[in-house]
Amino acid sequence: MSEHNHVVKKDGELDMNKVDDAMNKMDQGEKDQILANFDTFKSYLHKRIKLAESIGLGEEQLAKGAEKVANYLAEHEDPRNSEEKLLQELWKVGSEEERHKLAHMLVKLAQNESSHH
Numbered sequence: 000m001s002e003h004n005h006v007v008k009k010d011g012e013l014d015m016n017k018v019d020d021a022m023n024k025m026d027q028g029e030k031d032q033i034l035a036n037f038d039t040f041k042s043y044l045h046k047r048i049k050l051a052e053s054i055g056l057g058e059e060q061l062a063k064g065a066e067k068v069a070n071y072l073a074e075h076e077d078p079r080n081s082e083e084k085l086l087q088e089l090w091k092v093g094s095e096e097e098r099h100k101l102a103h104m105l106v107k108l109a110q111n112e113s114s115h116h
C-alpha cells in the first residue's frame, strides 16, 4: 500500500490532522532537498497529487490538503528560494478565502507540472 494510507481515512476522505503528522515525521534532510529548488518542489507536489487522484480524491480535497501543507510550511519552514518566499508572503497576507483559492492554484500548478525535468 502507499505511504499515504495513514493520511486518508477509510471513506476516502483526507484526514487533515494526519497531514501535519506526516510532515513532522519527514526527515529534515528530505525536506531541505524538496524545498531547495522550486522545480523540485513542484515535481514533488505533482507526484503527491497524482497519487491522491489515483485513490479518488477530488480537487476540493486536494486544495484542502494543499492548504494544510502551505500552513505547515509557513509556520515551520523558511523559504529556500524567491518563489517560495513570494508564496509565503502571499499566504501571510491572504484571507482564509484567498488562501483557499491560492491552494487551488497551487494544485493546478502542480497538476500541470511534467515530472520530466
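Going by numbering that gives the first Met the number 0, the first residue of the sequence shown is number 0, and it counts up by one from there. The beta carbon of each residue, even a glycine, is placed where N, CA and C say it ideally should be. None of the values given here were measured: they were computed from a predicted structure.
- Under the rule that a run must span 3 or more residues, no beta strand (DSSP E) segment is found entirely inside the segment 19-55.
- Residue pairing for L13: DSSP places it in a beta bridge opposite V7.
- Ranked by Cα distance from M15, the options K91, N70, Q87, S94 are led by N70.
- Each residue's CA atom was taken as its position, placing N111 and V92 some 26 Å apart.
- Just so you know, the alpha carbons of E96 and M104 end up roughly 13 Å apart.
- By alpha-carbon distance to V106, the top candidate from K41, V7, L34, L85 is K41.
- For E83, the enclosing alpha helix (DSSP H) begins and ends at 81-92.
- With a 10 Å radius around the Cβ and a threshold of 16 neighbouring Cβ atoms, L72 comes out buried.
- Ranked by Cα distance from A21, the options G64, D77, K84, L108 are led by G64.
- Counting along the chain, E76 sits inside no alpha helix (DSSP H), nor does DSSP assign it H or E at all.
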